[in-house]
Amino acid sequence: MSKFISRLRDSDAVNSMLRYNVVATAAPRRVTRDYAASSAQGKQSIRAGLLRDTINDARKTAYGAEFGDAIDDWPILSKDRLRTNAEDFCGSTILKIGAGTGGTTGQPIALSRSIASIAVERFFIEQLVLPHGLSLKSSRVAVLRADEIKSPQDTSPPFGIHRLGGRHLILSNPHLNRDTVGWYVDAIQRHGTEILYVYPSMLENLMELANANSLSLEVPLVLSSSETVAPALFDEVRSTLGATLVDYYGLGERVALASVGPDRQYYFNPLYGQVELTDMQETADDGNALYRIIATGYWNPAMPLIRYDTGDIAIVRRSDESRIEEIQIGERGFVGILGRTSEFIVGPDGSRISGLNHLPRGVSDLVRMQVYQPSPDTVEIRLRPGPGFTQQSMRQLRDNVEAMIPPTIKVDIRDDAEFTKAANGKTPFVIREMTCAE
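Count along the sequence shown from 1, then add 283; that gives the number in this note's numbering.
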């Protein structure tokens, strides 16, 4: 059933129905309305109810059967535990689809999502653009993220396709370079784009290439996610595109959501999931404090994750450390997320290929991956395969590589190479030679 539904998602009609299902979004819509009108005590009661329902769902799984009703009865859930036995976390929901994430670690995790959670996810993202008088459903949207439009070996235009009745223009990630940027700018303009939905690294590349070619582009709103946004990018988007930049933080595991506010601080959405911030007793380069993000998602009964260690780190102003509880429930902002940067490779033609967390998707028993780029025309993909990694696993990986990385970049896949570590001892998913030099 899960695979059948996943295939149906390729249909525009089914895709629209899944993302904009008014029945599925009735609950979050009601909760959002009630929360806004509630007192502090009423808000606390709503959050407690959402958490209680999620714990009830989680206790029905193989993993959660041994834990109690209170969240303090549950241990912190590691990525390794979820990755090793993902089926232990699946609920009894029949209508669900398979999903996956490589995150920014190169370690793929198999996930399950309920049908309703797809619409709920889009509902919460929609709330970020509605205050600007726009909608992901009805406005004209151009998407420049990690979508696979056609083979990177096909270098002739067009480099995008129209979906959802022509309202959405899906642009190819790996085809954007100094020779094709004119086509992209023209296509975005001709589309009458109201929302430009991007990865930050692709946005930066688009603006840099357009400026180098003396091309101008204007859009009302830019919506970005999945990578860290440099503070200066907000002003650059305003001056270059005449747009407001709305950035948000989320995860494939669907346990936490935060978005940037007018003060350029980030705010957790307390109706999306419960967040616990754990002091790491470490200091960021700017002197601010670092807190690990532990989160419990409210809206996915197909895989309810309790106290999940996201692996992500929130940067908190030192002056706000005494008010962590306010940050956790979205009443006070934090500086941003540490880490999610440089997750792209650069081609010899000026292309910037991001969304590389798609590379390990669908590859069975791949323990870890690292993408190492020593030069603009060479990439080495380093693997740590598990015992169940087969020839089919390798074929899937090669298909993923071919779909994302253009032939101008030679790709060498190796399972015998050492993983490169950063100065902090961590193993980044993507390392470019210039990063190593730094």
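The beta carbon of each residue, even a glycine, is placed where N, CA and C say it ideally should be.
Cβ-Cβ distance between residue i and residue j below 8 Å
| i | j | result |
| --- | --- | --- |
| R312 | I401 | no |
| Y467 | L489 | yes |
| V403 | A307 | yes |
| A526 | V505 | yes |
| M586 | R316 | no |
| P435 | I688 | yes |
| T376 | P584 | yes |
| A470 | L492 | no |
| D592 | I359 | yes |
| L666 | L639 | no |
| T703 | D632 | no |
| L611 | E565 | Residue identity check: residue 611 is Gln in the sequence provided, not Leu. Not in contact: Q611 and E565 (Cβ atoms no closer than 8 Å). |
| F407 | Y581 | no |
| G535 | A382 | yes |
| S484 | R635 | yes |
Residue i burial status per 10 Å Cβ neighbour count (16 or more: buried)
| i | result |
| --- | --- |
| Q557 | buried |
| A513 | exposed |
| D363 | exposed |
| K326 | buried |
| A341 | buried |
| G416 | exposed |
| T367 | exposed |
| A541 | buried |
| P457 | buried |
| G449 | exposed |
| R537 | buried |
| A320 | exposed |
| I444 | exposed |
| V305 | exposed |
| A429 | buried |
| A309 | exposed |
| S602 | exposed |
| A323 | exposed |
Same chain, Cβ closer than 8 Å to residue i, neighbours up to 5 away in sequence not counted
| i | result |
| --- | --- |
| I596 | M563, L573, Y574, R575, I576, I620, L621, G622 |
| I354 | L334, I338, Q557, T579, I589, R590 |
| N683 | H641, L642, P643, R644, G645, V646 |
| L486 | L427, L479, V505, S507, L516, V520 |
| I697 | Inspection of the sequence shows that residue 697 is occupied by Arg rather than by Ile. Excluding sequence neighbours, R697 sits near E663, I664, R665, L666. |
| D437 | none |
| A686 | E431, S434, P435 |
| V412 | S418, L419, S422, I478, L504, L506, V529 |
| K693 | D660, T661, V662 |
| S676 | V646, S647, D648, L649, P668 |
| L524 | L479, M490, L500, E501, V502, V505 |
Same chain, Cβ closer than 7 Å to residue i, five either side skipped, listed in chain order
| i | result |
| --- | --- |
| E609 | R615 |
| D356 | F350 |
| L528 | V505, S507, L516, F517, V520 |
| Y318 | K326, I329, L554 |
| A700 | E663, R665 |
| S299 | L447 |
| G613 | Y550, F551, N552, P553 |
Cutoff 6 Å; reference residue i; Cβ partners in own chain excluding five residues on either side
| i | result |
| --- | --- |
| R715 | Q656 |
| Y476 | Here the sequence assigns Thr to residue 476, which means Tyr is not the residue at that position. Once the five neighbours on either side are set aside, the close Cβ partners of T476 are R423, A425, V502. |
| D695 | E663 |
| I398 | L378 |
| Y346 | D371, F372 |
| R405 | R302 |
| F617 | Y549, A597, V599, I610 |
| E604 | A572 |
| L680 | V646 |
8 Å contact criterion, which residue i and residue j should meet: CB distance rounded
| i | j | result |
| --- | --- | --- |
| A393 | A369 | 5 Å |
| S455 | I432 | 4 Å |
| Y482 | S637 | 5 Å |
| F372 | L365 | 6 Å |
| R547 | N571 | Rounded, the Cβ-Cβ distance is 14 Å, inconsistent with contact. |
| G465 | N496 | 6 Å |
| A567 | I607 | No, A567 and I607 are not in contact; Cβ-Cβ is about 16 Å, not under 8 Å. |
| message | Using a Cβ distance threshold of 8 Å, determine whether the region 655-662 contacts the region 514-534, with at least three qualifying pairs required. | response | no
| query | Can at least three beta-carbon pairs, one atom from the region 495-509 and one from the region 651-658, be found at a separation below 8 Å? | reply | no
| said: Taking contact to mean 3 or more Cβ pairs, one atom from each stretch, closer than 8 Å, check whether the region 535-554 and the region 626-635 are in contact. | reply: no
| request: Decide if the region 461-478 is in contact with the region 664-683; the criterion is three or more beta carbon pairs, one per stretch, under 8 Å apart. | output: no
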